[in-house]
Amino acid sequence: MENIIFTSDIRTVLDDCLQGFKPEDIFILTDHNTAQYCLPFLNLTRIKETHRISIQEGEAHKSLESAAYIWKVLSDQGARRNSVLVNIGGGLVTDIGGFAASCFKRGIKCVNIPTTLLAQVDASVGGKTGINFNGLKNEIGTFALPSKVIIDSCFLKTLPYTQLLSGCGEMLKHALLAGGKHFEKILQLDLTHIDWVNFSSLIQESVEIKYAVVQSDPKEAGIRKALNFGHTAGHALESAAISSGRELSHGAAVAYGMIAELYLSVRKMGFNSALYEKIVRFIRNIYPEYMVSEDDSTLYELMLHDKKNDREGVNFTLLQEPGAFSIDNYCSREEIEQALQALKQK
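Using my numbering, read the sequence shown as starting at -9 and increasing by one per residue.
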């Protein structure tokens, strides 16, 4: 993981990283929140010599219009092929910043500094970039690895509890895919009383799990599809929430999506039903209650638009047990609607 750095000294590491790139220009991308709460952590001599770009926070602004605004600032300020874009923020900033960097002049360097738990364990690792389009999550995007990812848990201490919960969904997904002791430790996680030394170790383990999968399949032709566990149903829930103006974090959507997809795993792969119930209790205990108001047919139609599908139908990653997964599983509409009914049960 030579391009991913875990540190407790973000200032020094970023300064050394930028000195090594020797760029003509440095551009800093934030949203309005990270400009206020996270930039003070980066009070470096080198960072002062930058152009600043700030976009609005929220999924509604993960859009072509926001990407075009970033490109316009880069162009107006004379960015060149050897300029660097430093993305400081959550998944929205790292996704759209990575997308903008990968397209501008056919690609400039970018550095991701993820400031939310979700971005640290998911969005900033793996090279997927993108924007929402036509009511669909991440419909437009590229595969473009960042030049560096710098992870420091200091930013997490500025987050509200709900933001930590959002990242926990992806950590649970990684734990289910890996199994073993890491899975057991995640099920014992108490986000109301965080031991930051232990928590930082769990974050690094979670990143290592994802990184190992990505390295073996960078363009998602095979095993990387495992990382989509929980996302087929989860993205449908998230897209429906965006369309209706309801609030649903990505991590919560993935967690609820995992309930539906674990239900399918019990029915089709023999996943242990008692363990399924234990995981469902864990998810429902840590996430706020969310009423899935959309009817099954609406959610099914959204799943049909999922990028992972092919002509055979809606494509799922399912589990035989923690640590044993199966990609490219196709489920009938009846099976999917039964899983959605299980999700809607209290």
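In this text, a Cβ means the ideal position worked out from N, Cα and C, and glycines have one as well.
Cutoff 7 angstroms; reference residue i; Cβ partners in own chain excluding five residues on either side
| i | result |
| --- | --- |
| S53 | I121 and N122 |
| K163 | F219, G220, V244 and M248 |
Outcome for residue i when other beta-carbon atoms lying within 10 angstroms are tallied against a minimum of 16
| i | result |
| --- | --- |
| M281 | exposed |
| G80 | buried |
| S73 | buried |
| T222 | buried |
| L254 | buried |
| G116 | buried |
| N188 | exposed |
| K215 | buried |
| E291 | exposed |
| D338 | Because the chain spans -9 through 336 in this model, residue 338 falls outside it and cannot be assessed. |
Identified DSSP bridge partners for residue i
| i | result |
| --- | --- |
| C100 | L75 |
| I317 | None, per the DSSP bridge assignment. |
| N305 | Y320 |
| D286 | None; D286 has no bridge partner. |
| G120 | G131 |
| E311 | A314 |
| I176 | DSSP output for I176 lists no bridge partner at all. |
Residues near residue i in its chain [Cβ-Cβ closer than 6 angstroms; skip 5 each side]
| i | result |
| --- | --- |
| P46 | According to the sequence provided, residue 46 is Gln. The question's Pro does not apply to it. Nothing listed; no residue qualifies. |
| D21 | I45, E47, G79 and V83 |
| M259 | L308 and Q310 |
| S114 | T84, N102, P104 and V139 |
| D(-1) | none |
| I141 | F(-4) and Q110 |
Proximity winner among the options, relative to residue i (alpha-carbon distances)
| i | options | result |
| --- | --- | --- |
| N124 | A216, A211, H295 and G220 | H295 |
| T148 | G303, Q328, R1 and Q26 | Q26 |
| L217 | K171, A242, A226 and L166 | L166 |
| H240 | N262, K175, M161 and F173 | M161 |
| L177 | C7, L292 and Y266 | Y266 |
| L8 | V76, E55, F31 and L29 | V76 |
| R257 | I130, A211, K334 and A329 | A329 |
CB contact check: residue i to chain B, cutoff 8 angstroms
| i | result |
| --- | --- |
| Y246 | Absent from the structure: chain B. Only one protein chain is present. |
Own chain partners of residue i with C-beta closer than 8 angstroms, once the 5 adjacent residues on each side are dropped
| i | result |
| --- | --- |
| E198 | M(-9) |
| Q331 | D286 |
| G68 | D15 |
**OP:** Report yes or no: do three or more beta-carbon pairs, one from the stretch 301 to 321 and one from the stretch 234 to 242, lie closer than 8 angstroms?
**Re:** At 8 angstroms Cβ cutoff, the stretches do not touch.
Original post:
Is the number of C-beta pairs between the stretch 127 to 139 and the stretch 92 to 99 that are closer than 8 angstroms three or more?
Top reply: A contact exists between the stretch 127 to 139 and the stretch 92 to 99.
**OP:** Kindly confirm or deny that the stretch 104 to 117 and the stretch 142 to 159 touch, where touching means at least three C-beta pairs closer than 8 angstroms.
**Re:** Flag = yes, the stretch 104 to 117 and the stretch 142 to 159 touch.
Original post:
Any chance the stretch 7 to 23 sits against the stretch 51 to 68, with 3 or more Cβ pairs inside 8 angstroms?
Top reply: With the rule of 3 Cβ pairs closer than 8 angstroms, the stretch 7 to 23 counts as touching the stretch 51 to 68.
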